[in-house]
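Going by the numbering used here, the sequence shown opens with residue 23, and the numbers climb by one from there.
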Amino acid sequence: MAKVAFIGLGVMGYPMAGHLKAKGHEVTVYNRNPTKAQAWVAQHGGVSAATPADAAKGQEFVFCCVGNDDDLRSVTTAENGAFSGMEKGAVFVDHTTASANVARELDEAAKQGGFAFIDAPVSGGQAGAENGVLTVMCGGEPEAYARAEPVIASFARMCRLMGPAGSGQLTKMVNQICIAGLVQALSEGVHFAKRAGLDVETMLEVISKGAAGSWQMENRGKTMNQNKFDFGFAVDWMRKDLGIVLDEARRNGAQLPVTALVDQFYAEVQKLGGRRWDTSSLIARLED
Numbered sequence: 023m024a025k026v027a028f029i030g031l032g033v034m035g036y037p038m039a040g041h042l043k044a045k046g047h048e049v050t051v052y053n054r055n056p057t058k059a060q061a062w063v064a065q066h067g068g069v070s071a072a073t074p075a076d077a078a079k080g081q082e083f084v085f086c087c088v089g090n091d092d093d094l095r096s097v098t099t100a101e102n103g104a105f106s107g108m109e110k111g112a113v114f115v116d117h118t119t120a121s122a123n124v125a126r127e128l129d130e131a132a133k134q135g136g137f138a139f140i141d142a143p144v145s146g147g148q149a150g151a152e153n154g155v156l157t158v159m160c161g162g163e164p165e166a167y168a169r170a171e172p173v174i175a176s177f178a179r180m181c182r183l184m185g186p187a188g189s190g191q192l193t194k195m196v197n198q199i200c201i202a203g204l205v206q207a208l209s210e211g212v213h214f215a216k217r218a219g220l221d222v223e224t225m226l227e228v229i230s231k232g233a234a235g236s237w238q239m240e241n242r243g244k245t246m247n248q249n250k251f252d253f254g255f256a257v258d259w260m261r262k263d264l265g266i267v268l269d270e271a272r273r274n275g276a277q278l279p280v281t282a283l284v285d286q287f288y289a290e291v292q293k294l295g296g297r298r299w300d301t302s303s304l305i306a307r308l309e310d
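Structure, rendered in structure tokens:
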């Protein structure tokens, strides 16, 4: 069992930190809103820290899951950030979905500080975090990853080292590219079925067992048909992720016409009032 800290207790971080505690690790938490940290301690035990630096002191592993690049810098390299409290030889594991550039930046800062950095964005959403079955895509040095992997397993069903720093974030970008196209196709399919007069649930049951089947179809097809969009991963966050993807594509020359189009479709959903709807709400713009 390890001494760990967890920084960021949002919809993902709160249950992830809980799984670490449940698996017997010694856990210290930090959250920008201290009330959330106090609630976590009341529920799970462990202790809360006043700053990210305080949370990092004396820890073998420091985990983090915040909103974006700027949030990440604010809890790592800013004043009272975790990097100022990291122990020599410790490992910082970042589960934020952020840019590959900030991952490389923080990896370099970690090396200068004498500790390791792993970018480790996750897929699986709020349900995956709560059930401890996230998929984790990592970038970093093999030795640091080998040490961190058994601890990450506390809340993951799949964890893999993809390459050097930034590789985890690049893999997460591929994940979001694929999801964007799948959700748009599923939206169009359900919309078409409605207009054609088919029984949508029966249609989904049949085609989900064939080549068109996907996680999105199995888990979101019926709720899309029912106009239910309250399943965790908000449109605002998807647009943030797709912005990172499109910025990286401009740098590496990848052509992503469908992804760019779906990003604009999500902008339309935001205008419909769907900023906090989940990503399956793409169908709303077709039904409006």
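Heads up, the beta-carbon is just placed ideally off N, CA and C, and yes, glycines get one too.
Cβ neighbour criterion (16 or more within 10 Å) applied to residue i
i: S209; result: buried
i: G103; result: buried
i: L294; result: exposed
i: A306; result: buried
i: P164; result: exposed
i: P143; result: buried
i: G296; result: buried
i: F83; result: buried
Alpha-carbon to alpha-carbon, residue j and residue i
i: R261; j: A122; result: 17 Å
i: G150; j: R217; result: 33 Å
i: G89; j: A234; result: 33 Å
i: M108; j: Q198; result: 31 Å
i: L220; j: G203; result: 23 Å
i: V228; j: E309; result: 23 Å
i: H47; j: T157; result: 20 Å
Beta-carbon proximity check, residue i vs residue j, cutoff 8 Å
i: Q191; j: G211; result: no
i: V63; j: V26; result: no
i: I201; j: T301; result: yes
i: A75; j: L31; result: no
i: V222; j: N247; result: yes
i: F105; j: F28; result: no
i: F114; j: A138; result: yes
i: S1; j: V97; result: The displayed coordinates of the chain run from 23 to 310. Any statement about residue 1 would go beyond what the structure contains.
i: Q292; j: V257; result: yes
i: E270; j: M195; result: yes
i: D141; j: A187; result: yes
Host alpha helix (DSSP H) of residue i (start-end)
i: T50; result: Where T50 is concerned, there is no enclosing alpha helix (DSSP H), although the beta strand (DSSP E) it sits in stretches over 48-52.
i: I266; result: 257-274
i: F287; result: 279-293
i: A77; result: 74-78
In DSSP terms, what residue i is bridged to
i: F185; result: The amino acid at residue 185 is misidentified as Phe; the sequence shows Gly. In DSSP, G185 forms a bridge with G161.
i: D300; result: A256
i: F83; result: V26, V113
Boundaries of the beta strand (DSSP E) in which residue i is found, first to last residue
i: D141; result: 138-141
i: I29; result: 25-29
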